[in-house]
Amino acid sequence: MESKSTLQNDAPLTAADGTPLHKALARATRRAKWRAFLLVFPLLAFIIITFAIPIAQMLYRSVNNTAFSDNMPNLVEYFAKNEVTGVPDEDGYTALVADLVQAREAKTIGVVATRINYELPGARSQFTSGARKAARLEAPFKESLIDIDEDWNDPHLWNVMQRAANPVSASFYLAAVDMKYDETGNVVRAPENKRIYVPLFLRTLWLSGLISVLCLILAFPVARLLATLPLRYSNLLMIFVLLPFWTSLLVRTTAWIALLQSQGVLNDILVGTNVLADENRVQLMYNQAGTIIAMTHILLPFMILPLYSVMKSIPPTYVRAARSLGASSWTAFWKVYFPQTIPGIGAGVLLVFILSIGFYITPALVGGSSGQLISNEIARHMLQSLNWSLAAALGGILLFIIIVFYWLFDKVVGVDNMKLG
Amino acid sequence: MAKLPAYTTPLERVWHYTYLLICALIFLFLVAPILMVMPLSFNAEPYFTFTQKMLSFDPAGYSMRWYDKILTHGMAAPEIMRWSKDWWLDAWENAQWLHAAKNSVIIGVSATLLATTLGTLAAMGLSRPEMPFRRAIMGLLISPMIVPLIITATGLFFFYSKTGLAHTYIGVIMAHATLGIPFVIITVTATMVGFDHSLSRAALNLGATPLTVFREITLPLILPGVISGALFAFVTSFDEVVVVLFVAAFDQQTIPRQMWNGIREQISPTILAVATILVIFSILLLTTVEVLRRRSERLRGISPA
């Protein structure tokens, strides 16, 4: 937008229709912004509906569980009206018995019992049998209920019920980091032999780190070879990288099952070449080794491709210059070539690490019990134990870890610089 | 391989060949498992390893029985009137793998169409320099690729059970489209990088409507990127099992779900036969994408670097 120097008076520059130029420009920019935004809008709305809202709902689930509060209205009301610490008086028991009768009629007693059972193992049968007998109980309810089962007099139980009466609670997040409320309502760590999730998170991070390093070690020489070879060879060799990249995850996992089984190809080769005796076949599957080997193979292309694209842009003259200035081949590599590959290493390691933290299929199929990752535990709670709130809380923590690394990835690489194939 | 320069020391020479050997082994690690599946799928015995007969290339060690099983598994009467019209009809209606394949194709194609349409439109907006909040929006749109599938599936499970989308095709298709969208965005924005905006401005100047500009100028130039994005989206859907496990109905079997069940329950070489077919399928896809990539580079005047 250059103005002609023939305009020599002080009048402001105007567009063809007479509006001042800066206003016309601002309007045009605004319009262009809107036009760009409108192109993106349908997709943005779609992703918000099918992705952002579901994840928000999962996070909501992780702190909100209405299993108790929806089905025990009298107790909820009682707790709201009275300051209760420990075991309440007759009024509390009256409300409890009324709720037990109601819950049994509405067939929701199982849901209620399960909710209390999460925090107080063993409470399930106490609730179901209590509800079965509750209809025949007579006042005073406190005595008659305690007559059935001494545990109804347990202050811990009443603490748990009081907390569960409020649908919003942190108890699932506490459970997800192996903590719980003790009898008096303080937050404590679970006993050493009952800690499951923190060790599992640590194992997931450790295995992901290990797999990232293994991928880097395997990818570096290959990527360097591909980047330095003449194009006609490297394009051909690139097929070796792209074929696994395009092959179904399940196919690759199946292939590893066939290879690594104790009666599989690899063991047969070892036995056939007399490296191993037939009875000493190595167990490479259904344990951590299986998870590590299969996941390294599956994620290797994700390391090779970013490394390759960075190495491709390193001018070979630098190393040659270093050599001609007297550097040994090792010095030339370590001081000149390697530092220039660091952006690629950062991108590849972070990508592989992020992807492997969330792996589910491969560990489930080849991992056995020692090779399971946190995703498998989330799936177990979703599909088998049906403790959805705990699954959601574990998912929330996993999501937080992923977001931290995704943010790091964005800082190091930039999401808009991501390339495929 | 380029010739080694004259000044290489013997030690460097040894290292050089060791290096090539290491690379060869890594390439072997990459492709051997995938290629090994192919001969194994012709095993005459229900084993996952090479039998003596296979190793000695005895024809009796090989058979097509597992491929036959793909067609006949689940059929009402697989042995009656083989290869007749009714037999094929029976297979088409009842064979479990065919049923799964049909579902996979329906879901995959619909999800791809949805993802490609929305994704291409958005990528055109995102590649305009005046796009507001570009980085943040891009970050959100790419995130379905980064967020673990198990989290997406869990969220969708809660969301769909509230909205009645659980156990519907629409639900699975929408979820798969979401997972495919990052790939479309990445490939199309990459194509748009070399796009010369003066071309569309010239067309507008000559009186073309924005729609004509898109159809006649923009689309043909970015088409390679759009198609390879669509292929990525299709493969993502075609290979996806976690979301299907969480939100699809029991009878909505897809190929990966059928494989998943097969591996967990009664593992048989039928899985290897299916795997072989899928590997051939991915070779075809890979070739298409490579051809497209080169065509795109030629179109945009970027010579193969």
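Residue numbers (numbering that gives the first Met the number 0), protein chains in the order written: chain U, 0 to 420; chain W, 0 to 304.
Beta carbons: idealized from backbone N, C-alpha and C, even for Gly.
The model shown is predicted, which means the values in this text are computed figures rather than measured ones.
Check for me: the alpha helix (DSSP H) holding residue i runs from which residue to which?
i	result
U:Val309	287–311
W:Gly170	168–192
U:Thr113	108–118
W:Arg200	196–204
W:Pro219	218–237
W:Glu289	269–298
W:Ile254	254–263
U:Thr452	Any answer about residue 452 of chain U is impossible in this case: the structure gives chain U only from 0 up to 420.
U:Trp387	387–411
W:Thr48	It is not in any alpha helix (DSSP H) - W:Thr48 carries neither H nor E in the DSSP assignment.
U:Leu265	264–271
U:Lys132	122–133
W:Gly154	148–162
U:Arg280	Counting along the chain, U:Arg280 falls outside any alpha helix (DSSP H), and DSSP gives it neither H nor E.
W:Arg214	Careful: W:Arg214 lies outside any alpha helix (DSSP H) and carries neither H nor E.
U:Phe140	140–147
W:Ser55	Premise fails: W:Ser55 is in no alpha helix (DSSP H) and is neither H nor E.
On the three-state DSSP scale, how would you describe residue i?
i	result
W:Asn42	strand
U:Asn63	strand
W:Tyr6	coil
U:Thr13	strand
U:Gly420	In this predicted model, U:Gly420 has a pLDDT of only 49, less than 50, meaning its place in the structure is not dependable enough to derive any value.
U:Tyr359	coil
U:Pro72	helix
U:Pro19	strand
W:Tyr18	helix
W:Val13	helix
Is residue j closer than 8 Å to residue i when the C-beta atoms are compared?
i	j	result
U:Thr361	W:Ala274	no
W:Ala60	W:Thr71	Inspection of the sequence shows that residue 60 of chain W is occupied by Gly rather than by Ala. Taking 8 Å as the Cβ cut-off, W:Gly60 and W:Thr71 do not qualify as a contacting pair.
W:Arg256	W:Val243	yes
W:Phe182	W:Thr116	no
W:Val187	W:Gly224	yes
W:Leu139	U:Ile46	yes
U:Val110	U:Ala44	no
U:Val442	U:Ala138	Any property of residue 442 of chain U remains undetermined from this structure, which presents chain U solely from 0 to 420.
W:Gly110	W:Ala232	Just to set this straight, residue 110 of chain W is Ala in the shown sequence, not Gly. Yes.
U:Val411	U:Gly345	yes
U:Asp90	U:Tyr77	yes
W:Thr385	W:Lys101	A question about residue 385 of chain W goes unanswered here, because the residues of chain W that appear run from 0 up to 304.
U:Gly426	U:Met302	Since the first residue shown for chain U is 0 and the last is 420, residue 426 of chain U is missing from the structure and cannot be characterised.
W:Cys22	U:Leu304	no
W:Phe26	U:Leu258	no
U:Val62	U:Ser168	yes
U:Val240	W:Val278	no
W:Met53	W:Asn42	yes
U:Leu58	U:Gly395	yes
U:Asn64	U:Arg114	yes
U:Val86	U:Leu136	no
W:Leu203	W:Val212	yes
Quick check on this structure: which residue in the options has the alpha carbon closest to the alpha carbon of residue i?
i	options	result
W:Thr286	U:Ile292, U:Ala320, U:Ser143, U:Leu242	U:Leu242
W:Gly124	U:Gln383, U:Leu38, U:Leu258, U:Val348	U:Leu38
U:Trp387	U:Thr18, U:Ser368, U:Ala276, U:Phe171	U:Phe171
U:Phe50	W:Glu44, W:Pro147, W:Ile21, W:Tyr46	W:Pro147
W:Glu239	W:Asp67, W:Phe26, W:Val104	W:Val104
U:Leu248	U:Ser355, U:Ile145, U:Ala14	U:Ser355
U:Leu230	W:Arg293, W:Ser267, W:Trp91	W:Arg293
U:Thr316	U:Ser327, U:Val335, U:Glu104	U:Val335
U:Ala35	W:Ile136, W:Ala201, W:Ser142	W:Ile136
U:Ser369	U:Ser68, U:Gln262, U:Gly289	U:Gly289
Using 7 Å as the cut-off, classify the Cβ of residue i as near or not near the heavy atoms of the ligand FMN, replying yes or no.
i	result
W:Arg133	As far as ligands go, the structure on display features none, and thus does not contain the ligand FMN.
Every unbroken beta strand (DSSP E) within the segment 163–239 of chain U, with a cutoff of 3 residues, ordered by chain: 178–180, 186–188
Residue ranges of each alpha helix (DSSP H) within the segment 63–132 of chain W, 4 or longer: 64–71, 84–93, 95–125
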